[in-house]
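Student:
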Amino acid sequence: MDPTPTVRDEQHARREPSTSSLASVASSHASINLPSSHRQSFAENLRNMPPSPRSQRHPSFTGVPPIAIQDLLSMPPSSKSADPRFAGRDWRDILVGELVSHSDVRWVTADTSVEDATLALVKDNAENVVLVRSADHDQGQQPVTTFDFNDLNTYLLVVIGLAKPEENNIALYDEIAIKARDGSVIPLCDIQSMCRKQSLVTLCSTDKLGRAIEILGSGVHRVLVSDESGAIIGILSQLKLIEFFWSEGLHFPTIEKLYTAHISELGIASKQVLAVNCDSELADALTLMYNEGLTSVAVVDNGLNVLSNVPGGAEVQAVLYAPASTLIAPA
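Quick note on the UniProt record's numbering: the sequence shown kicks off at 1 and runs consecutively.
(1) Taking three-plus beta-carbon pairs below 8 Å as touching, is the segment 115-122 in contact with the segment 147-155?
(2) Assuming contact is defined by CB atoms lying nearer than 8 Å, are I232 and P143 in contact in what I supplied?
(3) Smallest Cα separation from L131: which of L288, I235, V276 and C278?
(4) With a threshold of 8 Å, are at least 3 pairs of Cβ atoms found where one atom belongs to the segment 170-181 and the other to the segment 219-231?
(5) Please go through the UniProt domain "CBS" (194-254) and give each complete beta strand (DSSP E) segment of 3 or more residues, from N-terminal end onward.
(6) Could you give the C-beta distance for V297 and N277, rounded to a whole number, given that I count them as a contact under 8 Å?
(7) For L209 and G161, I'd like the C-alpha separation in whole angstroms.
(8) Could you pull out every residue in the same chain whose Cβ sits closer than 8 Å to the Cβ of R85, ignoring the five residues on either side in sequence?
(9) Going straight from the alpha carbon of W246 to that of S184, what length do you get?
(10) What do you get for V273, buried or exposed, if any count of 16 or more other CB atoms within 10 angstroms of its CB means buried?
(11) Using only alpha-carbon positions, find the residue among A110, E115, S103 and Q141 that is nearest to A126.
(12) Please name the residue in A275, T145 and L95 whose C-alpha comes closest to that of N302.
(13) If you follow the alpha helix (DSSP H) that N291 is in, where does it begin and where does it stop?
(14) Look at the Cβ atom of V96, then the Cβ atom of V225, and state whether they are nearer than 8 Å.
(15) In this structure, what does DSSP give as the bridge partners for R133?
(16) What three-state label does DSSP hand V273 in the structure shown?
(17) Counting pairs of Cβ atoms below 8 Å between the segment 236-244 and the segment 199-214, do you hit three or more?
(18) If we call anything under 8 Å between Cβ atoms a contact, is F147 one with V100?
(19) If you drop the 5 nearest sequence neighbours on each side, which residues of the same chain put their C-beta closer than 8 Å to that of E263?
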């Protein structure tokens, strides 16, 4: 006798995942239905599926005794990773050029396709951003804009019909969605007006770290770092700055003593928390990040306990490489 099908089996039978990605997602979600494309879609050309972001997340603390968690949080950074270059120095006098690497800078031009820019963004890119030059290919030019996962998220939501443009942008959004589903090449310059961009801020490599912190603390996500000739030699982001102080805190007593302080004591917590429920669709999380200009969003259960977070870059990559059903899967 055959075993009785489970609910999961029945759900799986009802949902037949598509093998195509972006083009299939667009067809199933957008209000404009078009005939099938004569060429492969953007995401169909992206192969070698990366591992699921969920497999790379740290395990939950559920079941761990509170005292063990407190001991872990109170543990200072390991001295094994401390860089002797920063020993005995005031962190405010460290030069921004000491924290960046020229190898982390990725370049494309304004006429580069969204597909090629995405490949540059997701492939071995420590800074999660690509600098964009003007289309005349002048290698000595300053960047005119950037392309990051927020921009890619915006593009995806436009193509699948979930973005809600202002009235004066409806025609543009429809045009981009049609081109994407039709398999047309879309250059970065065509989508820049849809992306919410911060002004590019550049510091000289000889500027001090205190100045960079003032800028990054004002809400700017990253600053470009140039040499004395004006050429871009690195990128200093908020995350890289946090990583620096965590790894090198041993050298800075005023910073190190903050590690055991409670967030409430520091007065840096926000009472308004933006989150999605664990039963929400992934599309809801990406839409929230798009609407609020977020790079990640918390995932909570029905009791508002934080379970994990949706990091924009990792989840957007998962959408690119996964079947269309991913967008309607729980976050």
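C-beta: ideal position from N, C-alpha, C; glycine also.
Since this is a predicted model, take the numbers as computed values, not measurements.
Tutor: By the coordinates alone:
(1) yes
(2) On the sequence shown, residue 232 is found 232 positions in, with the first residue counted as 1. On the sequence shown, residue 143 is found 143 positions in, with the first residue counted as 1. It is a contact, given that the beta carbons lie within the stated cut-off.
(3) For this step, residue 131 is matched to residue 131 along the sequence shown. The option with the nearest alpha carbon to L131 is I235.
(4) no
(5) 202-204, 222-226 and 232-237
(6) Within the sequence shown, residue 297 is the residue found at index 297, counting from 1. Within the sequence shown, residue 277 is the residue found at index 277, counting from 1. In fact, because the Cβ distance is near 11 Å, the residues do not count as touching under 8 Å.
(7) The residue labelled residue 209 in the question sits at position 209 within the sequence shown. The residue labelled residue 161 in the question sits at position 161 within the sequence shown. Rounded to whole angstroms, L209 to G161 spans 43 Å at the Cα level.
(8) Taking the sequence shown and counting its residues from 1, one reaches residue 85 at position 85. If we look at R85 and ignore the five residues flanking it on each side, its Cβ neighbours are E98.
(9) The count along the sequence shown starts at 1 and reaches residue 246 at position 246. The count along the sequence shown starts at 1 and reaches residue 184 at position 184. The alpha-carbon atoms of W246 and S184 are separated by roughly 45 Å.
(10) Here residue 273 refers to the residue found at position 273 when the sequence shown is read from its first residue. Flag for V273 reads exposed.
(11) In the sequence shown, the residue the question calls residue 126 occupies position 126. Nearest C-alpha to A126: S103.
(12) Position 302 of the sequence shown holds residue 302. That would be A275, whose Cα lies nearest to the Cα of N302.
(13) Taking the first residue of the sequence shown as position 1, residue 291 is located at position 291. Counting along the chain, the alpha helix (DSSP H) containing N291 begins and ends at L282 to E292.
(14) Position 96 of the sequence shown holds residue 96. Position 225 of the sequence shown holds residue 225. Their beta carbons are under 8 Å apart, which means V96 touches V225 by this criterion.
(15) Start at 1 with the first residue of the sequence shown, and residue 133 comes out as number 133. T109.
(16) Residue mapping note: residue 273 aligns to position 273 of the sequence shown, counting from 1. Looking at V273 - three-state DSSP - the assignment turns out to be coil, as it is neither helix nor strand.
(17) yes
(18) Position 147 of the sequence shown, counting from 1, holds the residue named residue 147. Position 100 of the sequence shown, counting from 1, holds the residue named residue 100. Cβ atoms of F147 and V100: not closer than 8 Å.
(19) Here residue 263 refers to the residue found at position 263 of the sequence shown. In the sequence as presented, Glu is not what sits at residue 263; that position holds Ile. Hits under 8 Å: A269.
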